[in-house]
Amino acid sequence: MNEMTLVKTSPKDWETDQEVRWCPGCGDYAILKAVQRTMPEIGATPENTVFISGIGCSSRFPYYMETYGFHTIHGRAPAVATGVKLANPDLDVWIITGDGDGLSIGGNHTMHILRRNLDCQILLFNNEIYGLTKGQYSPTSREGTRSPSTPFGSVDHPAKPCAFALGSGARFVARGIDVNKKLPEVLKAAHAHKGAAFVEIFQNCIVYNDEVFEPFTAKPNAVTNQLWVEDGAPLLFAGGTRGLALDRDTLTLKVVEVNDGEWEAAGVLVHDVTNRTIAHLLVEMPFGPFPMALGVLYDDPAATFESAVVAQHRAVAEGKPADLQKLVAKGQTWMVDKAPHAL
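Everything in the sequence shown is counted per this note's numbering, starting at 553 for the first residue and increasing by one.
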């Protein structure tokens, strides 16, 4: 790193003069504040940061961050982000998307940016509904969801964003909650990861899907139904009185009681963020019989896409003089010397 004086920022430095236009009470406000509080703590600078979004309520995000940004088209934020990162690998790239934008029309693009492992942070706001277009059911809506497009209840099996990410080859997968104080810590971990970091954020849509996450987000339910994982710590919840163990007969997780803090005797598993199998088990747990797993579920870095592209270009160009005209004329060229047919 060159000798330089680092400019220290505050959350205010990341706020724009634009009026924030989300519905009063929308969970997006809390996520915006969490991101603006996080940026100074990770040492980011506005001039080196880019926020890129697609279409949806969440995708207004770039207007409210005092950084470079693109509000792109439906589902294509990963494609634009890939171009930005290849053009300037030193930029800090954040992608803001939603369950509809990122998993429906943009599902293909999300899959490929994850498998390629572009160095960026992908924040997927999941409210299990299409909020911007007036409440139609989305890829993550639960079976039975009544909406303008499913007046008798959805019969679709909902997508699981974190399972989708793991299946696409993501090397970092995490979950957070819009209003939870632990969200900035999840964001910091995502930023520290070198590669594509996928974060699903449960976000309340106060108009079209209000309180859909209350069974685990409401204060009375949080202790019993939230499991915040930590690398190297046992998978305990309900104040340490319950935990997750491996059912060796079915190779699935099971809930066990923990007496007097003796979690080892109960067979409770210890979380290992580099263990992909544990991550898969955690994201596939059905909520209700099991708690909601939150925090960093998987973190195992690998070589990034842009670093491989840069290295390849450097190797191909080594020892060769730059000659644009020769490049343009290279390959199949031909001259059309016949007169055109008479009309």
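We treat Cβ as the ideally placed atom computed from N, Cα and C, and that holds for glycine.
In this text, all values refer to a predicted model and were calculated from it rather than measured experimentally.
Whole-angstrom C-beta distance between residue j and residue i, which should lie under 8 Å
i: K746; j: T856; result: 6 Å
i: V602; j: T624; result: The Cβ separation is near 12 Å, so there is no contact.
i: Q778; j: N678; result: With a Cβ gap of about 16 Å, Q778 and N678 do not count as contacting.
i: G635; j: G608; result: Not a contact, Cβ separation roughly 21 Å.
i: V807; j: L718; result: Actually they do not touch by this definition, with Cβ atoms about 22 Å apart.
i: V572; j: I604; result: In fact, because the Cβ distance is near 19 Å, the residues do not count as touching under 8 Å.
i: S720; j: R667; result: 5 Å
i: D565; j: N600; result: Contact flag wrong, Cβ pair sits at about 13 Å.
Cβ neighbours of residue i in the same chain (closer than 6 Å, five flanking residues each side left out)
i: R612; result: none
i: K586; result: Looking at the sequence itself, residue 586 is Ala, so the reference to Lys does not match. Within the same chain, A586 has close Cβ partners L735, P736.
i: D852; result: R723, T826
i: L676; result: T649, G654, P713, E752
i: L796; result: L787, L805, L821
i: G577; result: I758
i: E763; result: none
i: F765; result: F754
i: H865; result: none
i: A741; result: V848
i: T692; result: D651, N678, E680, P710, A711
i: M591; result: W566
Collapsed DSSP secondary structure at residue i in the structure displayed
i: A785; result: coil
i: W566; result: helix
i: Q588; result: helix
i: F704; result: coil
i: D580; result: helix
i: N678; result: strand
i: S699; result: strand
i: K806; result: strand
i: F765; result: coil
i: L684; result: coil
i: A715; result: helix
i: T776; result: helix
i: V738; result: helix
i: A818; result: coil
i: E752; result: strand
i: P710; result: coil
i: A770; result: coil
i: L798; result: strand
i: A726; result: strand
7 Å CB neighbourhood of residue i in its chain, flanking five on each side removed
i: Y760; result: I681, G683, G687
i: H661; result: G627, R628, P630, A631
i: R698; result: G705
i: V861; result: L638
i: V738; result: A726, G728, V751, G847, V848
Member of the options whose CA lies at the smallest distance from the CA of residue i
i: F768; options: D569, G840, A582, T561; result: G840
i: T649; options: A633, E571, Y581, G627; result: G627
i: P710; options: L739, N732, L655, S701; result: L655
i: G904; options: R694, E763, I830; result: Residue 904 lies beyond the stretch modelled for the chain, which goes from 553 to 895, so this question has no answer here.
i: G813; options: L798, G791, D762; result: G791
i: Q570; options: G579, Y616, I607, K560; result: Y616
i: E809; options: R667, H664, F789, D580; result: F789
i: I729; options: I604, F842, L584, H865; result: L584
i: L879; options: A869, V888, M887; result: A869
i: T561; options: C575, D580, T568, E593; result: E593
i: G606; options: A633, A726, A818; result: A633
i: V781; options: Y581, R800, V725, D580; result: V725
i: F716; options: M663, A741, N640; result: M663
i: V848; options: E836, F842, H823, A770; result: H823
i: T896; options: D799, S859, P614; result: Limits of the chain in this structure are 553 at one end and 895 at the other, which puts residue 896 out of reach.
i: N773; options: P843, A854, A894, G579; result: P843
i: E816; options: P838, D801, T793, L803; result: T793
Any non-hydrogen atom of the ligand NAD within 7 Å of residue i CB
i: N732; result: The ligand NAD is not part of the structure shown, which contains no ligands of any sort.
Residue-level contact to chain C via CB, residue i, 8 Å cutoff
i: G792; result: Among the chains of the structure shown, chain C does not appear; only one protein chain is present.
Close-in-space but distant-in-sequence residues of the same chain around residue i (CB under 8 Å, 5 per side omitted)
i: I657; result: H626, G627
Extract the residue ranges of the alpha helix (DSSP H) inside the region 605 to 673, only unbroken runs of 4 or more that lie entirely within it.
629 to 639, 659 to 668
Ordered list of beta strand (DSSP E) runs contained in the region 821 to 894, each at least 3 residues:
844 to 851
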